[in-house]
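Right, one structure below, let's go through it.
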Amino acid sequence: MSIPVILLLLLNITLTCRVEASGSVHLRNEITPQEVRFHSLDYRNILHWKHHGHSHGNPHYFVQYKMRGRLLTLLKVQHTVKAPYIATIACSIAIVVAFVICSFIYGDKHWTNVTHCQGIGEPLCDLSLQTSEPRDSYYARVKAALQGAWSTWALSPRFNPHWDTAVSPPGVTLNVTKKGIVVRLRAPISPYKRRNGSRISIRKLQKMLYRIYLTHNNVVQEEQELESCVRELLITDLKPRTTYCLQAETHILQLGRTSARSQAACVTTP
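Quick note on numbering: the sequence shown equals residues -21 to -1, 1 to 249 in mature numbering (1 follows the signal peptide of the UniProt record, and there is no 0).
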C-alpha cells in the first residue's frame, strides 16, 4: 500500500473520530437533566427534573444524594469549683477554638446512590426515606445515559424538609345531630414511622393550626381558627333544613405557610 493511500486512510479515520466525538458531546449535552429540584408535600420529598432534549430514545437516569449536615456540638467539658483560675481560662479558650473549628461541617464528602433510582426511565425519584431527618439539609444530583453517552451531573438546590415542605389540608368529616354539626378534623400524615409502624402526624413535626369555613350557598357564614390539638368541634345555632358546607385549611405558624382548602363536605340540618 502506497504512502498517499495510507495517509488518506488515516485522515478518514481522524475525521470519523472527530464526527463521532462531536456527536457524542452533542448527545451528552442534549440529555443532561434540567431543573433538578425537590417537591415536598407533608414531608414526602420527591426529586423532579426535566428533559428538554429532542434525541431519539428515552434516557435512563441515575440519582445520588448527600446530607449537608447540621451544627454539631462535639465537646462537653465539665468544670469544678476547685479548678485553678488559669486552667479555667485556658479551658474556655480551648472550647471556643474547638467550637469555631468543629461546629459547622459541610455534609458528607461522598455521594450515595439511591438504589431504587438507578437506570430509571421516569424523571422523578422518591427520596423521603433518604431525607428523613427534617432539620437536616440535603443535595441530590442526576445524570442521564443514552446510546452509550453519559451526561454530566445536574445538581439540585439545597433542600431542607422542615423549611421547604408544603402541607395538605386536614381531613374533614361532618355529622349532623340535634345539637348541630359535629366536625371531626384529621391532621395530615407524614411518611415517617414510629417504632410500632404507625405514621407520624404533621402536627408532631410542625406547630400549626386549622382554619375552618362554614358556607351556605357559597357564602361564608362562619370562620374559626383552631389549635391543631382540637380534633372535634360542634357548630350550633344553625337554620333547620338548610344545607351547609365546610372547608378547612392547615396553617404552619413558623413558616407562615397555608395549605389549599379541603374539598367541601356538605350536610343538611334536620
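C-beta: ideal position from N, C-alpha, C; glycine also. Nothing here was measured: the structure is a model prediction, and the numbers come from that model.
Segment limits, alpha helix (DSSP H) that includes residue i
i    : result
D143 : 140 to 143
Contacting residues, own chain, Cβ-Cβ under 7 Å from residue i (five flanking each side not counted)
i    : result
A69  : Confidence at A69 is low in this model, with a pLDDT of 49, below 50, so its placement is unreliable and the value that follows should be read with caution. Same-chain partners within the cutoff: there are none.
T131 : T11, K122
K158 : L213, T215
T91  : Q43, Y44, K45
W129 : R7, K122
Span of the beta strand (DSSP E), counted from its first residue to its last, around residue i
i    : result
W28  : 23 to 29
C245 : 244 to 247
S19  : 13 to 20
K172 : 168 to 172
R240 : Premise fails: R240 is in no beta strand (DSSP E) and is neither H nor E.
K183 : Careful: K183 lies outside any beta strand (DSSP E) and carries neither H nor E.
L234 : Note, L234: premise wrong, no beta strand (DSSP E); not H, not E.
K45  : 39 to 46
L217 : L217 -> no beta strand (DSSP E), and no H or E assigned at all.
Close beta carbons around residue i, own chain, < 8 Å, minus the five adjacent residues each side
i    : result
I179 : I168, S169, Y171, K172, R173
L125 : L6, I10, S34, G36, N37, P38, H39
H27  : E14, V15, R16, F17, H18, P102, L103
Inter-residue CB distance, residue i and residue j (contact presumed, cutoff 8 Å)
i           : j    : result
L225        : V151 : 6 Å
T194        : T221 : Wrong, their Cβ atoms sit about 11 Å apart, outside the cutoff.
P140        : Y223 : The pair is not a contact, with the Cβ atoms about 37 Å apart (cut-off 8 Å).
residue 252 : L184 : In the structure as shown, the chain begins at -21 and stops at 249. Residue 252 is therefore absent and cannot be evaluated.
For residue i, the residue or residues it bridges with in DSSP
i    : result
Q200 : Bridge partners of Q200: none, in fact.
R7   : Answer by DSSP bridge pairing: none, since R7 is not bridged.
C208 : Paired residues: none, contrary to the question.
Own chain residues within Cβ distance below 6 Å of residue i, not counting five before or after
i    : result
A119 : L26, Y44, S135
E228 : P148, R190, T237, S238, R240
D143 : S19
V209 : none
>> Going residue by residue through the stretch 98 to 159, where are the continuous alpha helix (DSSP H) segments of at least 4 residues, counting only ones entirely within it?
In response: 140 to 143
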